[in-house]
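Residue numbers 340 to 375, in my numbering, belong to the letters of the sequence shown in order. Just so it is clear, CB atoms sit at the ideal spot from N, CA and C, and this is done for glycine as well.
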Amino acid sequence: PPHRGTQLLNNIFGSRDVNKSIEIISNGLKAIIKNP
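Here it is in C-alpha cells:
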C-alpha cells in the first residue's frame with residue numbers, strides 16, 4: 340500500500356492541479372511570513 344504521506348499529498352495536490360496547489364500554498368506561506 341502507498342505511504343500515508345504520499346496518499347495525503349495526492350489528496351491535497353491531485354495529479355491535475357499540482358502546480359496551482361503549490362502556487363496557492365507558497366502564496367499563503369508568503370502571506371504568513373509577511374504578517375506573522
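Check	Outcome
For N374, which of helix, strand or coil comes out of DSSP?	coil
Output needed for R343: all residues of its chain with C-beta closer than 8 Å, excluding positions within five of it in sequence on either side, in chain order.	none
Taking the Cβ atom as the reference point for each residue, do I372 and S360 lie within a distance shorter than 9 Å?	no
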